[in-house]
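With UniProt numbering, the residue at position 38 of the sequence shown is 38, and numbering never jumps.
Following: one structure in structure tokens, then a few remarks.
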Amino acid sequence: MMIYDLGFRIPLFREKHFPIGWFTLQHSTLGIISQFGDAWNRNESEYSLKRSRGIEWRLSGYSFYNYPTSLSLEYHQGIDKFTMDIGDGIPINYGKKGRYYFSVLFGF
């Protein structure tokens, strides 16, 4: 498995204190992301580089009893198109379509 991630983030604001319910927002960044690599498959000799690009919006702050909390919304679009079979005989097509990812983490 080899996966590389390249990103560039620009702060929208830092060191602010905006209370939103149980969450206190302090930092926000906007970034662009490029990822490439290949993950494990059944045949180790096959290596096929796959690429994606995307944008990310991160919100950082504190929740409840001062737990460091980060929220992230990402949109990625695959550059390369490929088909995978997970063993059930039904091929799954990936790439050229956008995907959204939402993350809630306690610290980045």
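Using N, Cα and C, we set each Cβ at its ideal position, and we do this for glycine too.
So, under 8 Å CB-CB, Gly31 and Gly7 are touching, yes? Tell me the CB distance rounded to an integer number of Å. Translated into positions along the sequence shown, residue 31 becomes position 31. Translated into positions along the sequence shown, residue 7 becomes position 7. Yes, they are in contact, since the Cβ atoms of Gly31 and Gly7 sit about 5 Å apart, within 8 Å.
Determine the direct distance from the alpha carbon of Asn93 to that of Arg14, and round the result to whole angstroms. Walking along the sequence shown from the start, residue 14 turns up at place 14. Walking along the sequence shown from the start, residue 93 turns up at place 93. Each residue's alpha carbon lies about 40 Å from the other.
C-beta atoms of Thr24 and Gly61 nearer than 8 Å: Here the question's residue 24 lines up with position 24 in the sequence shown. Here the question's residue 61 lines up with position 61 in the sequence shown. The answer is yes: Cβ separation under 8 Å.
If I'm right that Ile55 touches Tyr75 with Cβ under 8 Å, what's the distance once you round it to whole angstroms? Within the sequence shown, the letter at position 55 stands for residue 55. Within the sequence shown, the letter at position 75 stands for residue 75. The pair is a contact, with the Cβ atoms about 5 Å apart (cut-off 8 Å).
Taking the C-alpha atoms as reference points, what is the distance between Ala39 and Met1? Sequence index remark: in the sequence shown, residue 39 carries index 39 (1-based). Sequence index remark: in the sequence shown, residue 1 carries index 1 (1-based). Straight-line Cα distance between these residues: approximately 5 Å.
Which residues in the same chain as Gly95 place their Cβ atom closer than 8 Å to its Cβ, once the five residues preceding and following it in sequence are excluded? Sequence index remark: in the sequence shown, residue 95 carries index 95 (1-based). Cβ within range, chain order: Lys50, Gly78, Ile79, Asp80, Lys81, Phe82.
For Trp22, name the three-state secondary structure that DSSP assigns. Here the question's residue 22 lines up with position 22 in the sequence shown. Of the three classes helix, strand and coil, the one that applies to Trp22 here is coil, per DSSP.
So which of Ser72, Tyr67, Arg9 has the shortest CA-CA distance to Tyr100? In the sequence shown, residue 100 corresponds to position 100, counting from 1. The candidate whose alpha carbon is nearest that of Tyr100 is Ser72.
From which residue to which residue does the beta strand (DSSP E) around Asp85 run? Position 85 of the sequence shown, counted from the first residue, corresponds to residue 85. Start and end: 82-85.
Start-to-end residues for the beta strand (DSSP E) that takes in Gly89: As a first step, residue 89 must be located in the sequence shown, where it is residue number 89. In the DSSP annotation of this structure, Gly89 is not part of any beta strand (DSSP E), being labelled neither H nor E.
Inter-residue spacing [alpha-carbon to alpha-carbon] between Asn66 and Ser103: Counting from 1 along the sequence shown, the entry for residue 66 is found at position 66. Counting from 1 along the sequence shown, the entry for residue 103 is found at position 103. For the pair Asn66 and Ser103, the Cα-to-Cα distance works out to about 19 Å.
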